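So the structure is just underneath, and the comments pick up after that.
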Amino acid sequence: MDNHQVKIKINGKENSYGYGKKKNKHNKEKVQPEQKDVPVKDDFPEEERPIIIVDETAAAAEKKEEEFEWVLPEETPAKPKNNSKDSSTKPSYIEDLRQLNKEKGKGSKARPAPFGKKKKLVPPSFSKQLLVSIGMAIGIGTCLGFLILGVMNMSESPVNPSVPTAAPAPTGSNEPTDTPAAVNGDGSATIPAQNISVLQAGAFFTQDGTQAEMDRLKAAGLPAVAVGSEPTFVLMAVGHSVDGMKQIATGVLDKGFEPFAKEISLSEKTIDSLTQQDTQLLQEGQTLYNQLTVATALLLQGGSLDSATAESLNASFEKVAAIKDAELSEATKGWKASLDGAYQDLKSYQDSKDAQTLWNAQQKLLDATAFLY
Numbered sequence: 001m002d003n004h005q006v007k008i009k010i011n012g013k014e015n016s017y018g019y020g021k022k023k024n025k026h027n028k029e030k031v032q033p034e035q036k037d038v039p040v041k042d043d044f045p046e047e048e049r050p051i052i053i054v055d056e057t058a059a060a061a062e063k064k065e066e067e068f069e070w071v072l073p074e075e076t077p078a079k080p081k082n083n084s085k086d087s088s089t090k091p092s093y094i095e096d097l098r099q100l101n102k103e104k105g106k107g108s109k110a111r112p113a114p115f116g117k118k119k120k121l122v123p124p125s126f127s128k129q130l131l132v133s134i135g136m137a138i139g140i141g142t143c144l145g146f147l148i149l150g151v152m153n154m155s156e157s158p159v160n161p162s163v164p165t166a167a168p169a170p171t172g173s174n175e176p177t178d179t180p181a182a183v184n185g186d187g188s189a190t191i192p193a194q195n196i197s198v199l200q201a202g203a204f205f206t207q208d209g210t211q212a213e214m215d216r217l218k219a220a221g222l223p224a225v226a227v228g229s230e231p232t233f234v235l236m237a238v239g240h241s242v243d244g245m246k247q248i249a250t251g252v253l254d255k256g257f258e259p260f261a262k263e264i265s266l267s268e269k270t271i272d273s274l275t276q277q278d279t280q281l282l283q284e285g286q287t288l289y290n291q292l293t294v295a296t297a298l299l300l301q302g303g304s305l306d307s308a309t310a311e312s313l314n315a316s317f318e319k320v321a322a323i324k325d326a327e328l329s330e331a332t333k334g335w336k337a338s339l340d341g342a343y344q345d346l347k348s349y350q351d352s353k354d355a356q357t358l359w360n361a362q363q364k365l366l367d368a369t370a371f372l373y
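Take the sequence shown: its letters are residues 1 to 373, numbered as in the UniProt record's numbering.
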């Protein structure tokens with residue numbers, strides 16, 4: 001197979017071409033075609049002449065094969081006979097490794113994720129979220145409740161624990177002292193309008209001026225009360241006669257005061273949230289108030305009380321004193337205390353004939369007047 005020849009007959013002439021093996025890189029050897037005598041018949045018709053097809057593909061493949069053997073090393077390692085067997089077992093070997101890895105993965109623990117890779121968090125279920133929310137709400141509410149309770153206990157406790165908030169009970173008494181609860185009712189009472197005479201020490205438009213005049217009167221041993229606003233009137237005596245108030249005013253001129261006697265009108269007043277005892281006190285107490293103002297003003301003028309006036313005064317006081325303080329509301333307790341104090345001072349004057357007790361009675365009657373104003 002060193003030399004190949006191709007014979008081509010064109011127009012009755014036969015030409016031969018030869019191809020030889022390359023011996024060197026630069027020089028090519030030409031193969032001399034062998035001349036053989038081949039009988040040729042020229043008398044074939046044109047259509048019956050054979051067509052020679054050159055198998056150039058086979059020649060090229062053969063040439064390529066020769067060149068490939070020339071380029072490769074002379075000695076090539078022989079392929080093992082069981083090559084096809086090994087190649088067929090290779091996929092099964094890979095499959096065995098995969099199967100082995102799967103079997104190991106079933107019994108072994110999962111490897112931890114590499115550092116830097118975050119695991120995908122699965123959101124909790126709705127029921128779990130609901131339970132957590134309820135638990136947090138209960139906990140926060142409990143904490144707030146204890147906090148508010150602690151603040152309330154701190155506000156109710158005294159600032160200095162060593163000092164008692166109230167005077168201790170007497171050691172000889174073992175019975176606990178009960179503080180009566182406040183009493184409120186659903187009734188109402190109306191105090192009718194009336195005119196009274198007063199001795200006015202001054203009228204002021206400022207609170208400082210009002211307080212200064214009241215302090216000056218009390219320092220002199222005289223009563224004082226402030227009523228009204230813009231201006232505020234400072235009163236120092238009350239009665240039922242303007243002339244009687246003028247006589248009383250002459251007795252205080254030597255103390256540096258120049259009071260003014262006048263008559264004022266007390267408007268009708270309605271008080272609500274009263275008990276039955278409150279209503280009774282307002283009715284009986286109004287009579288006692290009028291009798292006390294007349295009696296004390298008369299005594300300050302230098303007069304005296306007859307027996308009929310004294311008996312009527314005592315009867316009115318007994319009716320008021322019979323009403324228990326525990327059954328009264330806070331609105332009327334103070335008024336009852338003022339009337340009771342004025343009566344006691346009047347009784348004390350009848351025994352001692354001390355004019356200062358009459359001024360003390362006037363102070364309590366002025367407080368009762370402020371309640372009616």
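Ideal Cβ placement from N, Cα and C applies to all residues, glycine included.
Note that the structure is a prediction, hence the values are computed from the model and not measured.
Cβ distance (whole Å) where residue i is taken to contact residue j below 8 Å
| i | j | result |
| --- | --- | --- |
| P223 | A203 | Contact doesn't hold; Cβ gap of about 17 Å is too wide. |
| K336 | L328 | 7 Å |
| Q263 | V242 | The question names Gln, yet the displayed sequence has Glu at residue 263. Yes, they are in contact, since the Cβ atoms of E263 and V242 sit about 6 Å apart, within 8 Å. |
| Q356 | G244 | So it is not a contact: roughly 19 Å between Cβ atoms. |
| D367 | V225 | 6 Å |
Minimum Cβ-Cβ distance from residue i to chain B less than 7 Å
| i | result |
| --- | --- |
| Q194 | No chain B is part of this structure, which consists of one protein chain only. |
Continuous alpha helix (DSSP H) stretch holding residue i: start and end
| i | result |
| --- | --- |
| Q301 | Segment: none, Q301 is in no alpha helix (DSSP H) and carries neither H nor E. |
| T369 | A355 to L372 |
| D345 | E330 to S352 |
When the options are compared against residue i, the one with the closest alpha-carbon
| i | options | result |
| --- | --- | --- |
| E284 | T332, S265, E263 and L131 | T332 |
| L266 | G256, Q286, E330 and K353 | Q286 |
| A308 | Y373, Q291 and S348 | Q291 |
| G228 | T206, A249, Q247 and G244 | T206 |
| Q280 | A321, A201, T250 and P259 | A321 |
| V234 | G251, K7, A355 and D208 | D208 |
| S316 | L288, T250 and L305 | L288 |
| Y373 | E268, G135 and S348 | E268 |
| G334 | D351, L313, L282 and T293 | L282 |
| S201 | I191, P192, V252 and F371 | In the sequence as presented, Ser is not what sits at residue 201; that position holds Ala. When only C-alpha atoms are compared, the closest one is V252. |
| D186 | D278, S127, F260 and T210 | D278 |
| A261 | T250, D254, K246 and K255 | K246 |
| L217 | D306, A193, G256 and P192 | G256 |
| A193 | T369, D306 and S133 | T369 |
| L305 | E318, Y349, I323 and E330 | Y349 |
| residue 377 | M214, G302 and V294 | This structure leaves residue 377 out entirely; the chain is present only between 1 and 373. |
| A249 | G139, G302, A219 and S188 | G302 |
| I191 | I134, F371 and L144 | F371 |
| W359 | T142, I134 and A219 | A219 |
Range of the contiguous beta strand (DSSP E) that encloses residue i
| i | result |
| --- | --- |
| T206 | Premise fails: T206 is in no beta strand (DSSP E) and is neither H nor E. |
| S188 | G187 to I191 |
Quick test of the definition: if touching needs 3 or more C-beta pairs under 8 Å, does the stretch 237-250 touch the stretch 195-202? yes
Ignoring anything shorter than 3 residues, give me the beta strand (DSSP E) runs that lie fully in the stretch 208-285, in order along the chain. 225-227, 232-239, 260-266 and 269-274
Any 3 or more C-beta pairs closer than 8 Å across the stretch 358-371 and the stretch 338-345: yes
Cβ contact check for the stretch 266-279 and the stretch 291-301: 3 or more pairs under 8 Å: Judged by Cβ distances under 8 Å, the stretch 266-279 makes no contact with the stretch 291-301, as fewer than three pairs qualify.
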